[in-house]
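Top to bottom, those sequences are chains A and B.
Going letter by letter, the first sequence gives residues 2 to 98 in our numbering.
Going letter by letter, the second sequence gives residues 2 to 98 in our numbering.
Protein chains: 2
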Amino acid sequence: MVDRKTFTKQAKMLKALAHESRLMIVDSLSRRECSVGELRDMLDCDLSTVSKHLALLRAHGIVDDRREGTTVFYRLLTPCVCNFFICATQVLKERAR
Amino acid sequence: MVDRKTFTKQAKMLKALAHESRLMIVDSLSRRECSVGELRDMLDCDLSTVSKHLALLRAHGIVDDRREGTTVFYRLLTPCVCNFFICATQVLKERAR
DNA sequence: TTTATAGTTGACAGGATGGCCAAATAAGAA
DNA sequence: TTCTTATTTGGCCATCCTGTCAACTATAAA
Numbered sequence: 002m003v004d005r006k007t008f009t010k011q012a013k014m015l016k017a018l019a020h021e022s023r024l025m026i027v028d029s030l031s032r033r034e035c036s037v038g039e040l041r042d043m044l045d046c047d048l049s050t051v052s053k054h055l056a057l058l059r060a061h062g063i064v065d066d067r068r069e070g071t072t073v074f075y076r077l078l079t080p081c082v083c084n085f086f087i088c089a090t091q092v093l094k095e096r097a098r
Numbered sequence: 002m003v004d005r006k007t008f009t010k011q012a013k014m015l016k017a018l019a020h021e022s023r024l025m026i027v028d029s030l031s032r033r034e035c036s037v038g039e040l041r042d043m044l045d046c047d048l049s050t051v052s053k054h055l056a057l058l059r060a061h062g063i064v065d066d067r068r069e070g071t072t073v074f075y076r077l078l079t080p081c082v083c084n085f086f087i088c089a090t091q092v093l094k095e096r097a098r
């Protein structure tokens, strides 16, 4: 039997990832460190919006940042989040049948 | 490079799972078929609330139902969603370090 | 046919999310 | 110091999510 609190934690983690832009951010960061500006170019939305998505991911311990001059670089703190992509792909495939 | 639409689909799927009650439902259904009433007893909330969570999961092709008399039984349609539990546990563990 | 049981659906309220703009901050360059 | 670039934060609004109650539907039993 699994503890209710565990489900709560897992739900919070899933919620943090359950957004198109945040998934795209995680995918990018899984390849290499990126600045906020680079991520905005990819997502094509307001810089402040990207910054807030990153703040949320950081609050959940998924990413971390470091400043280099005026630029802030983000990196993946828990690379295994990428396994979610594998899971999701698998479910979508299984569902399609 | 991954298609933007793929991220959209994955995000929708994650959103469907990103709720404590729905995770608990999926976990229960991974063990055996359950009626709405049984799930309500486990979740301890309004029957209509459970019914809506189930409707949402069904709309995403994650569960399916069958009626037996006045009772409706739900079952997991894509058992591989359980891999999300493994992923989530792994991330929470990696994050804890 | 009436009654009881099991679920679903609609309406509604409160709270959480997401996105943009504008203002604030941080750091380097002039 | 002042200016510029990069990013964060606060305010605001629109939208979505959750949960509850009440009303409705479906099926079986009396």
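Just so it is clear, CB atoms sit at the ideal spot from N, CA and C, and this is done for glycine as well.
Asked: DSSP has V73(A) in a bridge; who is on the other side?; Found: R68(A)
Asked: Rounding to the nearest angstrom, what Cα-Cα distance links M25(B) and Y75(A) in this structure?; Found: 33 angstroms
Asked: Under 9 angstroms between the Cβ atoms of I63(B) and R98(A)?; Found: no
Asked: Check whether the Cβ atoms of V51(B) and S22(B) sit closer than 9 angstroms, and answer yes or no.; Found: yes
Asked: For H20(A), which residues in the same chain have their Cβ closer than 8 angstroms to its Cβ, ignoring the five residues on either side in sequence?; Found: H54
Asked: Answer with yes or no whether the minimum CB distance from V82(B) to chain A is below 9 angstroms.; Found: yes
Asked: Helix, strand or coil for C46(A)? Go by DSSP, reduced to three states.; Found: coil
Asked: By the 9 angstroms beta-carbon criterion, what residues does the region 33 to 47 of chain B contribute toward chain A?; Found: none
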